[in-house]
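Our numbering numbers the first residue of the sequence shown as 96 and each following residue consecutively. Backbone N, C-alpha and C fix where the C-beta goes; we use that ideal spot for every residue, glycine too.
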Amino acid sequence: MRRLIPPLAVAATAAGLGVLAWAEYVNWRASHRALGVSAGADGIEAVVVLGYRDRGPKANFVNRYRVRVGLRSQSSRARESVLVLCGGSVGGDIPEAELMARYARSRGYAGRILLDSTSTTTQENIENAIALVEDADAIKVVSNSPHAAVGREHLRSLRPDLADRLARGADYRFGEAPLLKVAAAVIAGRYHARRRAEPR
96 MRRLIPPLAV
106 AATAAGLGVL
116 AWAEYVNWRA
126 SHRALGVSAG
136 ADGIEAVVVL
146 GYRDRGPKAN
156 FVNRYRVRVG
166 LRSQSSRARE
176 SVLVLCGGSV
186 GGDIPEAELM
196 ARYARSRGYA
206 GRILLDSTST
216 TTQENIENAI
226 ALVEDADAIK
236 VVSNSPHAAV
246 GREHLRSLRP
256 DLADRLARGA
266 DYRFGEAPLL
276 KVAAAVIAGR
286 YHARRRAEPR
């Protein structure tokens, strides 16, 4: 006799797949938000990697993932590409930016790295990175896709003159890191809900 799958298991599976599909869409949509229209693909490129709270002494899973995204976001067409790593000593004694730089080097990256090792929030990441990227022809802000979109939006609000140089990084890949995508989508939803609730 064929064993029937309990309805509760079917419902739980469907709900889980629905959550994953929703997170996939949220991350895909975020990867296309707040981009510029005139980024110079063959000029000087700055790839800004936003840090995540890290106790050290080595880069944690999230920061390792973000560094890998930053490295794969670098374009072979760029005349020069610089990796800008952002994050201060939020969760431990060693700045996130330094932990990420060590990880990038351990993966064989020998290119130019600039560090913002004092910021403690996403807003400060962007504010401190501006002086490091304002001469670039293309600026890519990378992280989890919804987080990167928040960073681009903040850069636009601070320096509208740099907005058209914002280019898409390689932070979105279909099916990659599904649990991170769910977490990023939930956090992004809470962030935008708080923004909508703020007095205008």
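About 5 Å separates the beta carbons of V179 and A224, which is inside the 8 Å limit, making them a contact pair. Of all C-beta pairs linking the segment 254-271 to the segment 232-239, three or more are shorter than 8 Å, placing the two stretches in contact. The DSSP assignment places complete beta strand (DSSP E) segments of no fewer than 3 residues inside the segment 188-240 at 207-211 and 233-237, in order along the chain. Distances from the CA of G183 to each of K153, Y147 and F156 were compared; the closest alpha carbon is that of Y147. A distance below 7 Å between beta-carbons, with the five flanking residues on each side excluded, links E222 to the following residues of its chain, in chain order: L253.
Beta-bridge pairing by DSSP links A279 to no other residue. Taking a contact as a CB-CB distance under 8 Å, the pair G246 and G187 does not count as one, their CB atoms being some 22 Å apart.
DSSP lists E140 as the bridge partner or partners of S176. Your pair V132 and D256 does not check out as a contact, with CB atoms roughly 13 Å apart and the cut at 8 Å. Boundaries of the alpha helix (DSSP H) around S168: F156 to S168. The three-state secondary structure of L130, taken from DSSP, is coil.
A279 is a Cβ neighbour of P241, given a cutoff of 7 Å. If you draw a 10 Å sphere on the C-beta of G165, you find 16 or more other C-beta atoms in it, and that means buried.
Counting only residues of its own chain and dropping the five nearest sequence neighbours on each side, N220 has a CB closer than 6 Å to the CB of L145, C181 and S214.
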